[in-house]
Amino acid sequence: MRLTFIILFLTSFIQSSYCQINISGKVIDRKTNNAIPFANIGINGSKIGTISNEDGSFSISIPAEYTNLPLLFSSVGYNQEEIIVSPQVGQSELIIHLTEKIIELGSIEIKAKRLKPREVEFGNGKSLLLSGQLHYDTASAGSAMALLIDKSEFEDLIFLQDASLYIAKNLSPEFKIRLRLMTVDSATQQPGNDLLNSQTIKKSDIKKGWLNFNFNAKQVINERKFYLVFEWIMDKDDREYVAKKYEQYINEFPDRVSYDTVIINNEKISIPHVNTVVAGTVFGVTKSGKDLENYTCYYRSNSFGTWKRSSGILSAKISFSNTPLTYTQNKNKSTSPTDLNDKIDSWANEFKNEYEIPGFQLSIGKTDSIIYSKGFGFSDVQRSKKVDRNTQFRIASISKTMTSAAIMQLLEKKSINLDSPIQLYVPEFPEKKYPVTVRQIAAHLSGIRGYYGKSWDEIFIQEHFNSLSEALSIFKTDSLISIPGTEFIYSSFGYILLGTLIENVTNEAYLDYMTNNIWKPLSMNFTYGDVYDSTFTNKSKFYFLSGKEAFPYDLSYSYSTGGLISTTDDLVRFGLALTRNMIISENSKNEIFTTQTTSNNFNTGYGLGWYISKDNQGNQIWYHTGELPSSGSIILICPKNNIVVSLLANSPVVSDSDNKFLMDILKILDIINHQ
Numbered sequence: 244m245r246l247t248f249i250i251l252f253l254t255s256f257i258q259s260s261y262c263q264i265n266i267s268g269k270v271i272d273r274k275t276n277n278a279i280p281f282a283n284i285g286i287n288g289s290k291i292g293t294i295s296n297e298d299g300s301f302s303i304s305i306p307a308e309y310t311n312l313p314l315l316f317s318s319v320g321y322n323q324e325e326i327i328v329s330p331q332v333g334q335s336e337l338i339i340h341l342t343e344k345i346i347e348l349g350s351i352e353i354k355a356k357r358l359k360p361r362e363v364e365f366g367n368g369k370s371l372l373l374s375g376q377l378h379y380d381t382a383s384a385g386s387a388m389a390l391l392i393d394k395s396e397f398e399d400l401i402f403l404q405d406a407s408l409y410i411a412k413n414l415s416p417e418f419k420i421r422l423r424l425m426t427v428d429s430a431t432q433q434p435g436n437d438l439l440n441s442q443t444i445k446k447s448d449i450k451k452g453w454l455n456f457n458f459n460a461k462q463v464i465n466e467r468k469f470y471l472v473f474e475w476i477m478d479k480d481d482r483e484y485v486a487k488k489y490e491q492y493i494n495e496f497p498d499r500v501s502y503d504t505v506i507i508n509n510e511k512i513s514i515p516h517v518n519t520v521v522a523g524t525v526f527g528v529t530k531s532g533k534d535l536e537n538y539t540c541y542y543r544s545n546s547f548g549t550w551k552r553s554s555g556i557l558s559a560k561i562s563f564s565n566t567p568l569t570y571t572q573n574k575n576k577s578t579s580p581t582d583l584n585d586k587i588d589s590w591a592n593e594f595k596n597e598y599e600i601p602g603f604q605l606s607i608g609k610t611d612s613i614i615y616s617k618g619f620g621f622s623d624v625q626r627s628k629k630v631d632r633n634t635q636f637r638i639a640s641i642s643k644t645m646t647s648a649a650i651m652q653l654l655e656k657k658s659i660n661l662d663s664p665i666q667l668y669v670p671e672f673p674e675k676k677y678p679v680t681v682r683q684i685a686a687h688l689s690g691i692r693g694y695y696g697k698s699w700d701e702i703f704i705q706e707h708f709n710s711l712s713e714a715l716s717i718f719k720t721d722s723l724i725s726i727p728g729t730e731f732i733y734s735s736f737g738y739i740l741l742g743t744l745i746e747n748v749t750n751e752a753y754l755d756y757m758t759n760n761i762w763k764p765l766s767m768n769f770t771y772g773d774v775y776d777s778t779f780t781n782k783s784k785f786y787f788l789s790g791k792e793a794f795p796y797d798l799s800y801s802y803s804t805g806g807l808i809s810t811t812d813d814l815v816r817f818g819l820a821l822t823r824n825m826i827i828s829e830n831s832k833n834e835i836f837t838t839q840t841t842s843n844n845f846n847t848g849y850g851l852g853w854y855i856s857k858d859n860q861g862n863q864i865w866y867h868t869g870e871l872p873s874s875g876s877i878i879l880i881c882p883k884n885n886i887v888v889s890l891l892a893n894s895p896v897v898s899d900s901d902n903k904f905l906m907d908i909l910k911i912l913d914i915i916n917h918q
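Sequential numbering from 244 applies to the sequence shown in my numbering.
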């Protein structure tokens, strides 16, 4: 889904146009004289706020109208200080001393002789986002978002375990986020004072995904209600980088910029507005009616800005346990294969119950063999026929990963060039206003449209096509919806073009080529093209979310993009073969799993036929999900550990689960990694 953003873009020249007091200096620890990095600085309840740099230095410009008001200085673990704003304080460099808070910690007694460890996760764990939010600008700093956490029903859960924030989009080389826990102000019910005694700051370069924060073993939070706060840390260098990127964008694309005119000191000032994210880090939020009803979320635009109710709910979560961290995490404990199977069985049963799936199949491979394979539920509910290892499911868009491998095989044979126009290999596809390359199509950067909205009309095509070239008639006369290379637009139709390329270059039907060059060599004996009237013995029935059995429909138009059937064992064999360079070379593998970028250097998080992200431990993962009206699927590879996981279901598991599907699959990696 396309992200939308709230962007506050202010440039430094605006401030220079009216009378102001420039104050600079350094924030240091009173006792040690060490610099205090990222201290909050500002005027309470105003638009004036910033943070100190990593060396404690700061600079802030304050309009003359704020003269005689207190300028506040604070940092996590320190008592707040203030100075009165006046022209005199701006005449020399200031040294601001902060005094460390002295907090006496009481003892904690665990009375139970044999306390069963229990851990509960609180917050909003959704991450297939309708939107994302930016609340910082290029002139100030210290903006943050706060999610109310209520653990009133779990009084024994006082030991802080970990927390996570979903990064919806990051366009900076590196970013910094500070985690804070704040009390609930009794008067305003908004974020109040800090609960943590030391700074928790995470630096990262991830482009999208969960950003995880860990704590020491003795961190105790007794409050039943508090705010989980994540703060953008934008020092001088960060703000200059963002300002430079927006300035470049405005100069390059003036037609995409709108202007608001404001009057400051009787002078008209034009403020540019850009309706896209060019630089910076976007927090994930959800905006469903249910989320807005169940959660409370605030934001502020600078260090001491007024907290305001957010239009979206921050995608963030935090875990507490009834025992200290060291009690619940014993990573040196060995796990036998039987224990591992039991844990995965337990995960699978919870997964089935949560998603209310009639039946699904799960396989896990490691290095060169399948270490787990099992079916759950029914492949035919009416006949009570159970899912087993040989049950075949629709794999939907996982088909794209196989098409991608075939394209790389042709590249290795020098039959194609990824950066050549598609018409060189598919002349029946009309030329468009802009040239479109094979690479752009494989990376969803071609500007070719996808399915219309969330309507299934274009999926329920009952016409049978004898070749993928014939299927081009569905979309080949349509105009491009963006300039190729400028925007990531997921297009299943693009992969029909790639399937046609394979047919034209090899003079074989797509299914014949795949059978001879990928499926047979890897003993993928249960992988075929789905057929409308097929009577495959092992093929599952399929069910809509309502539970009603799905009617048959023809997928001949989409073999190369989403029309294949397979088993999880076959998919795991395919994934392991990629890690071991069995069907494509090391160079081709690196090409597939290199994230593609747009013309303005936006990292799409997608390679050539695969999504590229990180797991909960920060290890790179390659994956692809699939969705049809009556099926759901995923294949996931963790190359560091040579692990492949695949799940196929006979009912959708993606649309209504806000990408929690992927997060749940990652729990399997956690189980295996803790072995």
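Where is the CB? At the ideal position from N, CA and C, for every residue including glycine.
Item                                                                                                                                                          : Value
Go to Val926, then tell me how far its beta strand (DSSP E) extends in each direction, as first and last residue.                                             : Absent from the structure is residue 926, since the part of the chain shown begins at 244 and ends at 918.
Within 10 Å of its beta-carbon, does Glu495 have 16 or more other beta-carbons around it, so buried, or fewer, so exposed?                                    : exposed
Tell me, which residues are paired with Gly292 by DSSP?                                                                                                       : Gly285
Secondary structure at Trp762, three-state DSSP: helix, strand or coil?                                                                                       : helix
Expressed to the nearest angstrom, what Euclidean distance is found between the alpha-carbon atoms of Gly693 and Leu740?                                      : 13 Å
Please go through the stretch 768-855 and give each complete alpha helix (DSSP H) segment of 4 or more residues, from N-terminal end onward.                  : 811-822 and 829-835
For the putative contact between Gly848 and Ile855, defined by C-beta atoms under 8 Å, what is the C-beta separation to the nearest angstrom?                 : 6 Å
Please confirm whether Phe603 and Leu890 have their CB atoms less than 8 Å apart.                                                                             : yes
Quick check: Ile279 and Leu341, are their CB atoms within less than 8 Å of each other?                                                                        : yes
Please state the DSSP three-state secondary structure of Ile650.                                                                                              : helix
Are Val679 and Ser663 touching if we call contact CB-CB under 8 Å?                                                                                            : no
Classify Glu730: buried if its beta carbon has 16 or more other beta carbons within 10 angstroms, exposed otherwise.                                          : buried
On a CA-only basis, which of Phe365, Ser300, Gly299 and Ile266 is nearest Ile326? Give me that one, please.                                                   : Ile266
With C-beta atoms as the reference, is Leu814 less than 8 Å away from Ile638?                                                                                 : yes
Could you pull the DSSP bridge partners for His687 from this structure?                                                                                       : None; His687 has no bridge partner.
From this set, Asn893, Ser894, Pro895 and Ile878, which residue's C-alpha is nearest Val887's C-alpha?                                                        : Ile878
Quick one, which of Ile284, Ser558, Ile691 and Val528 has its alpha-carbon nearest Ser386's?                                                                  : Ile284
Using the C-alpha atoms, what's the distance from Ser415 back to Thr838?                                                                                      : 15 Å
I want to know whether the stretch 737-753 touches the stretch 636-655 - three or more CB-CB distances under 8 Å.                                             : yes
Below 8 Å on the Cβ atoms is my guess for Glu343 versus Asp298; work out the distance and round it to an integer in Å.                                        : So it is not a contact: roughly 19 Å between Cβ atoms.
Can you tell me which of the three DSSP states Pro360 falls into?                                                                                             : coil
If you draw a straight line from the C-alpha of Ser501 to the C-alpha of Asp534, how long is it?                                                              : 32 Å
Going by beta carbon distance, what residues of the same chain come within less than 6 Å of Gly221, once the five residues before and after it are set aside? : The chain is shown only over 244 to 918; residue 221 falls outside these bounds and no answer can be derived.
Are the beta-carbon atoms belonging to Ser803 and Tyr866 less than 8 Å from one another?                                                                      : no
If distances are taken between C-alpha atoms only, which option among Leu688, Arg552, Glu417 and Gln323 comes closest to Thr841?                              : Leu688
Taking just the CA atoms, how far does Gln666 sit from Ser558?                                                                                                : 43 Å
Bridge partners for Leu390 per DSSP, in chain order?                                                                                                          : Leu471 and Cys540
Return helix, strand or coil for Leu723, following the three-state DSSP convention.                                                                           : coil
Would you identify the three-state DSSP class for Thr594, choosing helix, strand or coil?                                                                     : First, the residue type needs correcting, since residue 594 is Phe and not Thr in the sequence shown. If DSSP states are grouped into helix, strand and coil, Phe594 belongs with the helices.
Report back the beta-carbon spacing between Trp762 and Thr749 to the nearest angstrom; my notes put them in contact at under 8 Å.                             : With a Cβ gap of about 15 Å, Trp762 and Thr749 do not count as contacting.
Going by C-alpha distance, which of Leu314, Phe397, Glu324 and Phe787 is nearest Val332?                                                                      : Leu314
Please state the DSSP three-state secondary structure of Pro330.                                                                                              : helix
Just list the residues that DSSP pairs Thr549 with in beta bridges.                                                                                           : DSSP lists no partner for Thr549.
Assign Lys676 to buried or exposed, taking buried as 16 or more other Cβ atoms, counted over all protein chains shown, within 10 Å of its Cβ.                 : exposed
Mind checking Ser579: buried by the 16 CB within 10 Å criterion, or exposed?                                                                                  : For Ser579, the pLDDT reaches just 46, beneath the cut-off of 50, and the residue's location in the model is therefore unreliable, although a value from the coordinates is still provided. It is exposed - the Cβ of Ser579 has fewer than 16 other Cβ atoms within 10 Å.
Tell whether a beta-carbon distance below 8 Å holds between Asp393 and Lys468.                                                                                : yes
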